[in-house]
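Trainee: Attaching a single structure in structure tokens format; questions to follow.
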Amino acid sequence: MVCWNKLLLKISVPLFFIVFTSIVEAQVTDSSMFFNPIRDNIAQKLPPLEALIDSAIANSPQIQMDELNADLTRYEIISAKRQWLQHWGLDMIVNYGNYLYNDRDELTRLDKFYLSESRRLNYGAGIYVRMPIFYAVDRKNEINKKKKYREIAIVNREIHVRMIRQEVIATYNILMQQQDILKITNDYQQVADMMMRNAENMFLTGEIPPEEYARQKDYQTRGATDYALTIGRFNSAYTLLEELVGIKFNLINVLK
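Here it is, written out as structure tokens:
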């Protein structure tokens, strides 16, 4: 019995430390995902701006469509260069069977006909060429048109890349700006709440008239409204940036 207790003790102690370590690591990982826009700098929580732009370009369906169009035009150029082969062809005929002939006697010039039968194998092969004059004249122009379509597809991709870059940069800057505004509105709200508490005490003791109390209440309401609107704009910019770059940042906003 003592041996079993020692064995269980040897197994349970390392297992306890393994489980405890895993729990601690999980807690550290989870706590690092919490984000307070008032206290923390979101720029330090997100990947670098260039990495966000590269991710947005890589995950953009429009860019993928442009690349597919460029590949399609490349195949069309190859087909246009090979199109002359469609005017060339190979014919082959093979016949086998019994043939009946009703021949006239040409030797005696008499109106006599002879019915004969034979078993034959007939075959033939040949190459034909049917080249329209329009195609022969316009072939080079048709190939050049396909090349221009490919150039257009490549340019369209570059246009969309620039548009994505501008959109990501604008959204990123809006997110940074909204965080700064959020800090300002938070300070304003705290000051407005403090002044409102003082105004309530002074109003109860008759030190200020109702008009002054109403004015302080208006300041408090305005501060709370601006604070709520700024939180909404901040969260909207954060979500929009996630959609643009195709990455979930997995930050837990404690003010959300």
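Each residue of the sequence shown is one higher than the one before, counting from 92 in our numbering.
Ideal placement from N, C-alpha and C gives every residue a C-beta, glycine not left out.
#1: Would you list the one or two residues that DSSP bridges to V185?
#2: What is the rounded straight-line gap between the Cα of E242 and the Cα of D278?
#3: Using a Cβ-Cβ cutoff of less than 6 Å, which residues in the same chain neighbour K236 once the five nearest sequence positions on both sides are dropped?
#4: Are A171 and R221 touching if we call contact CB-CB under 9 Å?
#5: Within 10 angstroms of the Cβ of T312, are there 16 or more other Cβ atoms? Answer buried if so, exposed if not.
#6: For the putative contact between V345 and L143, defined by C-beta atoms under 8 Å, what is the C-beta separation to the nearest angstrom?
#7: Just verifying my parser: in three-state terms, what is the DSSP assignment at N292?
#8: From the DSSP output, in three-state form, read off F108 for me.
#9: How should R248 be labelled, buried or exposed, when 16 other C-beta atoms within 10 angstroms of its C-beta is the threshold for buried?
#10: Assign V228 to one of two classes, buried (16 or more other C-beta atoms within 10 Å of its C-beta) or exposed (fewer than that).
#11: If I measure Cβ to Cβ from I129 and keep anything under 8 Å in the same chain, skipping five residues before and after, which residues do I get?
#12: Taking one C-beta from the segment 264-272 and one from the segment 320-332 each time, how about it: are there three or more such pairs within less than 8 Å?
#13: With a CB to CB cut of under 6 Å and the five nearest residues on each side skipped, what residues in its chain are close to L181?
Mentor: Judging by the given coordinates:
#1: V185 is bridged to Y214.
#2: Note on geometry: alpha-carbon atoms of E242 and D278 lie some 55 Å from one another.
#3: Cβ neighbours of K236 beyond the five flanking positions: none.
#4: No, they are not a contact pair.
#5: exposed
#6: With a Cβ gap of about 23 Å, V345 and L143 do not count as contacting.
#7: helix
#8: Because the pLDDT of F108 is 39, which lies under 50, any placement of that residue in the model is unreliable, and the question is left without a value.
#9: buried
#10: exposed
#11: L273, K274, N277 and L346
#12: Enough Cβ pairs lie closer than 8 Å, so yes.
#13: I218
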